[in-house]
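Working notes, structure below.
Numbering (this note's numbering), first residue to last: 20 to 159.
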């Protein structure tokens with residue numbers, strides 16, 4: 020009976036990061052100028068920026084910003100271990116053991132997206148040079 024109680028207690032402590040931080044993170048997308056459409060390489064997007072999407076913490080992707088009259092801009096978004104996530108992992112390894120730490124690594128709960136916010140700086144197409152005026156032929 021003690022073994023079952025101890026096992027259940029241990030299970031309750033596993034994956035603390037998954038409980039406290041979750042497996043998704045809000046990522047904010049901005050564009051300069053605002054109003055661009057944004058799509059991600061893994062599917063979801065926004066019809067107009069600024070916007071925020073819930074993104075799986077383990078998901079690395081490329082965001083593409085599009086705005087009429089401007090060149091498309093691609094911004095890569097990567098993941099890194101955050102200070103909060105790393106502390107959660109360390110605490111979990113001490114209290115929840117290898118299983119809890121493994122669950123958190125598998126879920127990506129120690130990771131944050133960078134950059135966040137994601138900013139697409141749009142460059143307008145260059146405007147054509149104005150047509151040169153021809154001089155009228157001198158009249159004799």
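Where is the CB? At the ideal position from N, CA and C, for every residue including glycine.
Nothing here was measured: the structure is a model prediction, and the numbers come from that model.
Exposed or buried, what is residue i when buried is set at 16 or more other beta-carbons lying within 10 Å of its beta-carbon?
i           : result
residue 48  : buried
residue 144 : exposed
residue 90  : exposed
residue 142 : exposed
residue 97  : exposed
Within a Cβ cutoff of 8 Å, which residues of the same chain sit near residue i, ignoring the five residues on either side of it in sequence?
i           : result
residue 68  : 48, 49, 50, 53, 54, 55, 56, 57, 84 and 139
residue 133 : 96, 97, 98 and 99
residue 158 : none
Give every residue of the same chain whose Cβ lies closer than 7 Å to the Cβ of residue i, excluding the five residues on either side of it in the sequence, and list them in chain order.
i           : result
residue 105 : In this predicted model, residue 105 has a pLDDT of only 47, less than 50, meaning its place in the structure is not dependable; the value taken from the coordinates is given anyway. Excluding sequence neighbours, residue 105 sits near 129.
residue 61  : 78 and 80
residue 88  : 143 and 144
residue 63  : 72
Looking only at its own chain, which residues have a Cβ that is under 6 Å from the Cβ of residue i, when we skip the five neighbours before and after it?
i           : result
residue 93  : 81 and 83
residue 135 : 46
residue 71  : 45 and 47
residue 101 : 131
residue 59  : 80 and 82
In terms of residues, what are the limits of the beta strand (DSSP E) holding residue i?
i          : result
residue 42 : Taken as a continuous stretch (DSSP letters only), residue 42 belongs to no beta strand (DSSP E), as it is neither H nor E.
residue 85 : 80 to 85
residue 58 : 56 to 59
residue 93 : 92 to 100
My guess is that residue i and residue j are in contact by the Cβ rule of under 8 Å, so how many angstroms apart are they, rounded?
i          : j           : result
residue 99 : residue 131 : 6 Å
residue 95 : residue 73  : About 19 Å; that fails the 8 Å criterion.
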